[in-house]
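A.B. asks: For the sequence shown, the residue numbers in my numbering are 5 to 299.
The beta-carbon is built from N, C-alpha and C at its ideal position, and this holds for glycine as well.
It should be emphasised that the depicted structure is a prediction, and the values quoted were computed from it without experimental measurement.
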Amino acid sequence: MMKKNKLKDIAGITLIEIMIGVVISAIMMGAMYTTYSIVNSSYTQVTDRAKISRSGRDIVAMLIRDIRLAGFKYHYGVNTDDISKQDNLEYISGSSDIETSHDPIIVIKDTLGDAAESDIATSKNDDADLCCDKIHIVYGDFNQNDAQPYKRYRVTYYAKPSGDNEYYAVYKSKQSWIQSSESVTGNWSSSCAECFSGELIRDHLVDMEFIVFDQQGRIINPPPRPDTSSRENLYNIKAVDIRLTFRSKNEFYRFNAKDDNPRFVKGLGERTRKFIDKYLRDSVVVTVNTRNIGS
């Protein structure tokens, strides 16, 4: 049996010391959780910004390719296949109808929807909204195994309201000019194998803007259209400025901006808007030179 005097020599801790240890542990856990929350929030913000930038660059890459193709005509040359040496598809000469036009680049300002669709969206999300520009791009191609070897495509980028009218979405359509060998004219059609209509490219769009320039680097304003007196400049477009502005899917900032100090989204022209909510809005801006027109 252990003697009573030896019990006095056994080390131990008091209730107060236990409570102090618990408090210190709680403080350490709280500090660790706070650090984790800050790091996680920062990572989420960086990820949201990166997603906007990455998806914006993907769409810009498609636009760059199509704009560089604008006005392209295929030349097949002398052949034994009884195929015309060069593009024999007829333009609708002098047509002032945008929807039947073959002009290489047509920018339509502040217009939603596509006339090729039956559900054209015409209403903006709010009265102060100038979104979004629409662009038609026409270029040629060739397929010697097709009944119509020379091809002509019209690609359209446009926007429509999305997300319960909280933002917009970018859509893309592709049509082909169908013309028989016996005819001198034809029609745009979405029924070809390589064609499509109303393909969603990206949502959470805030604005889409196009500015066109001539050979001297001067802005052509308003952009030339076949139904206006500026149609003579349709083949003088040498460069196109593109701006795509997207909104983050989730709230980005911790607090709303103040009414007297809002957050701004600047446009290429006079399309600057202000917001006070917690969402991040970021723009991708690029200039692309045309290759087949504007020389």
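1. Under the rule that 16 or more other beta-carbon atoms within 10 Å means buried, what is F268, buried or exposed?
2. Do Y171 and K2 count as a contact pair if the criterion is CB distance below 8 angstroms?
3. Under the DSSP definition of a beta bridge, which residues are partnered with A173?
4. Roughly how far, in whole angstroms, is the beta-carbon of T276 from the beta-carbon of K270, given that I think they are within contact range, below 8 angstroms?
5. Figure out for me which residue from S187, D218, V64 and K89 has the closest Cα to the Cα of M212.
6. Does S57 come out as helix, strand or coil in the three-state DSSP assignment?
7. Going by alpha carbons, who is nearest to L238 out of I56, H208 and D218?
8. Touching or not, the region 136 to 151 and the region 66 to 85, by the rule of three or more beta carbon pairs under 8 angstroms?
9. I'd like to confirm the pairing. Which residues does DSSP put opposite D145 in its beta bridges?
10. I need the DSSP call for I102, collapsed to helix, strand or coil.
11. In chain order, what residues of the same chain have a beta carbon less than 6 angstroms from the beta carbon of L73, not counting five sequence neighbours either side?
12. Count the other C-beta atoms from every protein chain shown that fall within 10 angstroms of the C-beta of D62, then say buried if there are 16 or more, exposed otherwise.
13. Considering only DSSP beta bridges, list what S287 is partnered with.
14. Using CA atoms only, rank isn't needed, just tell me which of R69, S234, I71 and N92 is closest to Y80.
15. Would a C-beta distance cut-off of 8 angstroms place R235 and W192 closer than the cut-off?
16. Contact check, V174 vs I205 under 8 angstroms by CB: the rounded distance?
17. Among the candidates Y154, R156, K113 and N260, whose CA atom is the shortest distance from the CA of C136?
C.D. replies: By the coordinates alone:
1. When all chains shown are included, F268 counts as exposed.
2. Examination of residue 2 is not possible in this model, given that the chain is present from 5 through 299 alone.
3. DSSP lists K164 as partners of A173.
4. Contact holds; Cβ gap of about 5 angstroms.
5. The closest CA to that of M212, considering only S187, D218, V64 and K89, is found on V64.
6. In the structure shown, S57 sits in a helix (DSSP, three-state: H, G or I).
7. The residue with the shortest Cα to Cα distance from L238 is D218.
8. They touch, by the three-pair rule.
9. Under the DSSP definition of a beta bridge, D145 partners with K155.
10. Three-state DSSP puts I102 in a helix.
11. So the qualifying residues of the chain are Y143.
12. Exposed: under 16 other Cβ atoms inside 10 Å.
13. According to DSSP, which records beta bridges pairwise, S287 is partnered with T249.
14. Nearest neighbour of Y80 by Cα position, chosen from R69, S234, I71 and N92, turns out to be N92.
15. One thing to note: R235 has its Cβ no nearer than 8 angstroms to the Cβ of W192.
16. Rounded, the Cβ-Cβ distance is 4 angstroms, consistent with contact.
17. Answer by Cα proximity: K113.
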